[in-house]
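Peer 1: Residue numbers (the UniProt record's numbering): 1 to 271.
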Amino acid sequence: MAGFRDRGLTPVDLRVIPHPTVMLALEFGSGSPFVDDAAGRRHRGSFVAGPGAGRRGAVRLRGENFEGVQVRLSPVVARATLGVSPADLDGAVVALDDLWGREASRIREQLDDASSWEQRFALTDALLARRCAAVPSVAPEVAWAWHRIVVSRGLVRVVELAAEVGWSRKRLWSRFHSQVGLPPKRAANLVRFDHAVHRLAAGEGAARVAAESGYADQSHLHRDIVAFTGVTPSAVAGEPWLAVDDIAWSGGRAPAPTPGRCSPASPRPHG
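What follows is the structure, given as structure tokens:
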């Protein structure tokens, strides 16, 4: 998790870049951010976004004078933690009030009353741990397949995953899709994209990133970046959504979780 504060100098208007996690955004403070989603809906306050939310640049975060805690949840623990399967989210944005009801208001008040980021992180961590302990996670085979996709940076083949867990490709596709919210191949493509786009944001050249990230050539990388973000590789490299990652998240991306388990947070505040 990471903490964010808008200092109110200029209104926030950010393109949401797709990420291979379920994003939980808990807002508090005097302002109230809102999210415009791909369907033209506007969501105010805290929200949840499924894996890959923001495809083709269709989701934007806007607002001013707000604070928030953002949590990146592995899809394998998202259902246990949030009470909704990533498959039900389908890459969309959902208001937290619609999922948690009064509990969403209570956590907002608690975060607002807290006197430090450390207290806010502790509150959030305790809330998620309590919820995670109450509901079983995904099947161990699905969790293992997700773990292998993440650690391979999206370069493992689906047939290899099926062989490793002892399932047919059809069974793996069906179980993985229903529990993670994406088919295995699309999940691998999203993880590969995430690795590549962060290398671009770090200043590496597109040709080298394409060659070392499993793309057929630079044109293949270009098409993938445009499909995921709606902009070219050179443009996405300067996106503010990515620029803060090396500050807010260790190593630019969340670490790979232990298969099937809720992982402890490593919180960082960011102004």
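Glycine residues also receive a C-beta, built at the ideal position from the N, C-alpha and C atoms.
1) Rounded to whole angstroms, what is the Cα-Cα separation between D112 and L82?
2) Give the DSSP-derived three-state secondary structure of E231 in the structure shown.
3) Could you tell me the alpha carbon to alpha carbon distance between G57 and P184, rounded to whole angstroms?
4) If you check the beta carbons only, do V96 and S46 fall under 8 Å apart?
5) Take the Cβ of W74 as the centre, count every other Cβ of all protein chains shown within 10 Å, and call the residue buried at 16 or more, exposed below.
6) Please indicate yes or no: does the CB of W117 lie closer than 7 Å to some heavy atom of the ligand ADP?
7) Determine whether the Cβ of V22 lies closer than 8 Å to any Cβ atom of chain B.
8) Counting only the same chain and skipping the five closest in sequence on each side, list residues whose C-beta sits under 7 Å from that of W241.
9) Taking H43 as the reference, give the member of V94, V77, D90 and E27 with the closest Cα.
10) Nearest-angstrom Cα distance between V226 and A211?
11) Note down the Cα distance separating G181 from A163, rounded to an integer number of angstroms.
12) Thinking C-beta only, is V76 closer than 8 Å to W146?
13) Do you know how far the Cα of D245 is from the Cα of H19?
14) Are the CB atoms of F66 and G31 within a distance shorter than 8 Å?
15) Who does Q70 pair with in a DSSP beta bridge?
16) Do A139 and R169 come within 8 Å of each other at the CB atom, strictly closer than that value?
17) Closer than 6 Å by C-beta to Q179: which residues in its own chain qualify, once you throw out the five before and the five after it? Chain order, please.
Peer 2: In this structure, then:
1) Against the sequence shown, residue 112 aligns to sequence position 112. Against the sequence shown, residue 82 aligns to sequence position 82. Distance between the alpha carbons of D112 and L82: 21 Å.
2) Taking the sequence shown and counting its residues from 1, the one referred to as residue 231 is at position 231. A small fix is needed here, since residue 231 is Val in this sequence, not Glu. Looking at V231 - three-state DSSP - the assignment turns out to be coil, as it is neither helix nor strand.
3) Start at 1 with the first residue of the sequence shown, and residue 57 comes out as number 57. Start at 1 with the first residue of the sequence shown, and residue 184 comes out as number 184. Roughly 23 Å separates the two Cα atoms.
4) The residue given as residue 96 occupies position 96 in the sequence shown. The residue given as residue 46 occupies position 46 in the sequence shown. Residue identity differs from the one stated: residue 96 is Leu in this sequence, not Val. It is a contact, given that the beta carbons lie within the stated cut-off.
5) Position 74 of the sequence shown holds residue 74. Reading off the sequence shown, one finds Ser at residue 74, where the question assumed Trp. The residue is buried, with at least 16 neighbouring Cβ atoms inside 10 Å.
6) Inclusion of the ligand ADP in the displayed structure is not the case, the ligand content being empty and no account of it being possible.
7) The question asks about chain B, but that chain is absent: this structure has only one protein chain.
8) As a working note, residue 241 is residue 241 in the sequence shown. For W241, where only same-chain residues beyond five positions count, the Cβ hits under 7 Å are L14, R15, V16 and I17.
9) By one-based count along the sequence shown, residue 43 stands at place 43. Per the Cα distances, V94.
10) On the sequence shown, position 226 is the one that residue 226 refers to. On the sequence shown, position 211 is the one that residue 211 refers to. Spanning the two alpha carbons is a distance of roughly 18 Å.
11) Numbered from 1 along the sequence shown, position 181 holds the residue referred to as residue 181. Numbered from 1 along the sequence shown, position 163 holds the residue referred to as residue 163. If you take the alpha carbons of G181 and A163, they lie about 21 Å apart.
12) Along the sequence shown, one-based indexing puts residue 146 at 146. Along the sequence shown, one-based indexing puts residue 76 at 76. Contact flag set, yes.
13) Stepping through the sequence shown from its first residue, residue 19 is reached at position 19. Stepping through the sequence shown from its first residue, residue 245 is reached at position 245. Distance between the alpha carbons of H19 and D245 is about 12 Å.
14) On the sequence shown, position 31 is the one that residue 31 refers to. On the sequence shown, position 66 is the one that residue 66 refers to. It is a contact, given that the beta carbons lie within the stated cut-off.
15) Walking along the sequence shown from the start, residue 70 turns up at place 70. Paired residue(s): A2 and A25.
16) Taking the first residue of the sequence shown as position 1, residue 169 is located at position 169. Taking the first residue of the sequence shown as position 1, residue 139 is located at position 139. Not closer than 8 Å, so no.
17) Taking the first residue of the sequence shown as position 1, residue 179 is located at position 179. Excluding sequence neighbours, Q179 sits near V138 and V142.
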